[in-house]
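Numbering (the numbering used here), first residue to last: -13 to 97.
See below:
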């Protein structure tokens, strides 16, 4: 019985930890490029000083997931394109520990 209670508690803890995965880090830099594709709704972009690694995701790109509502994706894409065209450094909020988007680093904020 004690083992069963311990397993249930461990499972509850793991679910609790996963629920808080998300926007937990920021990075600032100049964009190298912004990439959109015809076969999915995600937005990919890279900094000129792109991180070399990530705990669980491929670090090649930051990605705004296609599951973000279209109106929000449009706003975020506009902000990225303005920063790219003006060579302005942009600050993004992202998930530094997991919860990848299309296998790449998931973005939660562009500012």
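Ideal placement from N, C-alpha and C gives every residue a C-beta, glycine not left out.
Collapsed DSSP secondary structure at residue 45 in the structure displayed: strand
Contact set for residue 87: own chain, Cβ-Cβ below 6 Å, skip 5 residues either direction: 49, 51
CB contact flag (residue 62, residue 29, <9 Å): yes
Contact check, residue 91 vs residue 45, beta carbons under 9 Å: yes
For residue 74, the three-state DSSP class (helix, strand or coil): coil
Contact set for residue 32: own chain, Cβ-Cβ below 6 Å, skip 5 residues either direction: 18, 19, 47
Straight-line Cα distance separating residue 9 from residue 39: 17 Å
Presumed contact (8 Å Cβ cut-off) between residue 84 and residue 41, rounded CB distance: 7 Å
Alpha-carbon to alpha-carbon, residue 97 and residue 64: 11 Å
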